[in-house]
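Per the working numbering: the sequence shown = residues 1280 to 2100. C-beta: ideal position from N, C-alpha, C; glycine also.
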Amino acid sequence: MAVSHLIDHLLEGPSVAAAIESLERQSVAVLDLPLSARAAIASAAVARHAGPVLIVVSRGGRAETLATAIAEYLPSRSVLTWPAPDALPFEQLPFDLEAATERASLLDRLSRANQSPRQLVVLTSVHGLLQIVMSAADLQSATRVHRVGDRVSQDDVLHWAMDHGFEAVPLVSEPGHIARRGSILDLFPPGADEPVRIDFFGDEIDAIRPFDPHTQRSRHRFQEIRILPPVELPLTRLSEAAGQLATLDLKGLRAEVKAEWSRTVDAMAAGRTPASLDLFAPYLVGTPCSLMDYVDDQILVILDEPAAIDLVASQLERQAVELRDAFVANGELPPGLRSPIAPWSRVRHALSERRTLSLGAPPEGEPVEIAEIGLTEAPRFAGRLDDAVQAVRERLSQGWRISIATDQVDRLTELFEERDIFPRRDLRRDADSGPSPLPVGTLEIRASDLDSGWASTEIRLLLLADLELFGFRKQTRRAHRRLHAEAAPLAASLSPGDHAVHVDYGVGIFRGLVRLEAGGVEREYLHVDYAKGDRLYVPVDQTDRVARYSGGGIDPTLTRLGTGEWQQTRRRVRRAVREMAFELIQLYASRETTRAQPYGPESVWDHELASSFPYVETPDQHTAIESVSRDLQSSEPMDRLIVGDVGFGKTEVALRAAFRAVNDGRQVAVLVPTTVLALQHFTTFSQRLAAFPVRVEMLSRLRSKSEQRDVLRGLADGTVDIVIGTHRLVQRDVQFKNMGLVVIDEEQRFGVRQKEFLKRLRTEVDVLTMSATPIPRTLHMALAGIRDISMIDTAPQARLPIRTFVTPVQDQLIREVILRE
């Protein structure tokens, strides 16, 4: 929900108003401005400026954060972020069509910004600002407009689209796609809300219709369609670029690199787009152009920390030179390649010629007016909501206006009303005019994506967000997916000195790999020492019979070879496994026949917690949450397995279930394999449940003895609602007053007895198991129907794709990976 009225109030302050008014005459620098208040000041400058605005930040993540905040402050503006390239300069990564279409669309909007009914605000990182793009003249000449009745052949449109970078696909679903089906041509122009279907009758356009990419059904008709090229570079000059590249000296290239380079140049000469398009950008344009070539003199430029921008730009140029020299030295690139980024000196000069608002110390040597604005960081309460209520009460009595931007509107409203502070509920005058002004001495609470607040003593206005109230902010950065590793060979997974178990000979100590000659043939063996100085040499082709010792605790006793000791041990284990299997059969049979007290329906607090989730639920995640909810409302105890990759949202499913249990008066145990994971879950649960009367504790070796005793007393008397712990949770001194739910994370890393111990406490306890790689026993029980299973296969929105490269070990590659971080 918009908070544009806060910008109106901010502009009422004399210091802010004076600084913004000065921008009409000259550049201005605002000093000593906290990070949390920069989006507000930038929004105030945008609100008073009539034309387009360019905001430059040092890094891409900062651009996304600022864009989100400015869109909240000024919802009527069109706020866009320039997608900076993934590749470092001279790094050869596959071409990203999706990002290219976004850039082409944004260039077109910038070139026509003064014709747009909505003010355009573009945010870019330094890397994006230095990216080489086609000139505005090239963009205009590469853009086509087709109307119904135009005399043009389908082949002509198709060939133009392919020459300019459209990708031929069977079914059009993304910008930059094109498909031919008889007399119909489907294509998705960059910047369009939906794809269009062009129906030809001979060499004449008979109809143009938009269509739904999901259902492929067309709707009403258009009279004309404007088609932009899907790439920000002029691909019609590929053959010219190939001619220039053919003159480079390839003598220093490795043989395989030289062959691949020649194939790439030949493909470009034939008009085919190379995979690493960014590398050849300077050969496709004349004079390198950048975003600055698309803005006129009337644009307002906002620099977020100019010193950091200058530093990152200088580092990027230096990095480009270093990477080029390293690639040339390794025989991966020919010498003399032009830089794929625009010169920072040229871009910086273009910036200096525009009116600039510097949020931080201005660039050296530039004439600017220095402004002091009395904005400070908002006070932080880190989940101490009673302190927050008291602070709000005091400021309201002093005539402050206070706005709380949060995901938990109803819960916080209830909290303040319980203490006789009644927030304003009439948040809008009507749908178009935005929120009404905030009277002096008034508190309002509204749903908002703002991640942090600020305070102005000059106009007595305070903005609080979830960061100040609960100690955490919305996570807007993209999640990174952990790569799945192939199972390592046994010799690589064992280190000399590790305990190993041979299926026929028992427990020994692995000493390493040795080469021995037997029967005149030299072979490689695993050397394993046993008790009494015995040795065993296992051929490497029989390593499937050797495994790493996986038992916990003290070191195992070594087996003596040549005795029946190991066979006796195997018989004892086999007997114990049969007994345990019988216990498990009895346990699960009892759970099937037990009738537990079902949970009540979801409460308002459950909906509040769901609405505070800082991400958009994926379809699979939503299905899993719904399945768990149905299980909890059933009279049969829940026993569900949640399978999903790391970062796919399993923890949120468990957190929702735990909150349901606490709301129903039951306690929750979350069992994790490591203290690090326990601390991570403890932090997540504490932050997400900070607005609710839920006591979350942790039980692990990170807690002192006295703290552990306090947690144990809380579990026994029911004052601890959720406990997160390691193996410490399954010890005999842990007693629950009313345990209702057990959550087991990474269950494959626990022993069977550890997991079943908690289940035996009460046969009606609900069990939720989470794993990215479930053990065969658990997976078999789920597939056999003994346990329910939910699969979370959908990746979160905006998740970065996995790109796997198999290369020789290279120091330069390791350095390059570190630089990308």
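Check, Outcome
"Euclidean distance between Cα positions of Q1394 and L1386", "14 Å"
"For T1403, three-class secondary structure by DSSP", "strand"
"Unbroken alpha helix (DSSP H) run spanning E1887, endpoints", "V1883 to S1890"
"Per-residue burial, L1514 [other beta carbons within 10 Å of its own, 16 or more giving buried]", "buried"
"Rounded straight-line distance, which links the Cα of G1923 to that of L1507", "40 Å"
"Proximity of I1578 and G1407 at Cβ, strictly below 8 Å", "no"
"Beta-carbon proximity check, T1902 vs S1774, cutoff 8 Å", "no"
"With 16 other Cβ atoms within 10 Å as the buried cut-off, status of T1842", "exposed"
"Per-residue DSSP class, three states only, for D1650", "Here residue 1650 turns out to be Ala, not Asp, going by the sequence shown. Three-state DSSP puts A1650 in a strand."
"Which of helix, strand or coil DSSP assigns to L1333", "strand"
"Selected residue, minimal CA-CA separation from L1402, among G1662, Q1594 and L1359", "L1359"
"Closest by C-alpha distance to G1926, when choosing among P1835, M2049, A1640 and S1432", "M2049"
"Outcome for S1384 when other beta-carbon atoms lying within 10 angstroms are tallied against a minimum of 16", "buried"
"Within 8 Å, strictly: CB atoms of P1714 and S1283", "yes"
"Distance CB(S1404)-CB(A1363) smaller than 8 Å", "yes"
"DSSP beta-bridge partners of D1918", "V2046"
"Beta-carbon gap between V1782 and L1805 smaller than 8 Å", "no"
"In DSSP terms, what E1796 is bridged to", "E1801"
"Closest by C-alpha distance to H1960, when choosing among R1356, S1420, E2025 and V1400", "E2025"
"Exposure label - R1708; buried when at least 16 CB within 10 Å", "Legend: pLDDT at R1708 = 36, less than 50; position of this residue unreliable, value from coordinates given subsequently. Under this definition R1708 is an exposed residue."
"Through-space distance from H1456 to V1448, alpha-carbon basis", "6 Å"
"Residue burial classification, H1328 (beta-carbon count within 10 angstroms, cutoff 16)", "buried"
"Alpha helix (DSSP H) runs wholly inside the stretch 1434–1499, at least 4 long, in chain order", "none"
"Outcome for P1898 when other beta-carbon atoms lying within 10 angstroms are tallied against a minimum of 16", "exposed"
"Proximity of I1652 and I1320 at Cβ, strictly below 8 Å", "yes"
"For Q1410, the residue or residues it bridges with in DSSP", "I1620"
"Sub-8 Å separation of A1657 and S1315 beta-carbons", "yes"
"Through-space distance from D1686 to T1755, alpha-carbon basis", "Caution applies to T1755, whose pLDDT of 46 falls short of 50 and renders its modelled position unreliable; the model cannot decide the point."
"Alpha-carbon spacing of R1824 relative to E1976, whole angstroms", "44 Å"
"Check whether R1978 and L2020 have beta carbons under 8 Å apart", "Residue 1978 is actually Leu in this sequence, not Arg. Contact flag unset, no."
"Three or more C-beta pairs below 8 Å linking the stretch 2010–2017 and the stretch 1986–1994", "yes"
"Inter-residue Cα distance where the pair is V1941 and L1956", "22 Å"
"Between the CA atoms of L1795 and R1849 - distance to the nearest angstrom", "31 Å"
"Spatial distance of R1757 from R1980 (CA atoms)", "Only weak support is given to the placement of R1757: the predicted model assigns it a pLDDT of 37, under 50, and the value that follows is read from those uncertain coordinates. In a straight line, the C-alpha of R1757 is about 32 Å away from that of R1980."
"P1818, enclosing beta strand (DSSP E) - first and last residue", "R1814 to P1818"
"C-beta atoms of W1845 and F1971 nearer than 8 Å", "no"
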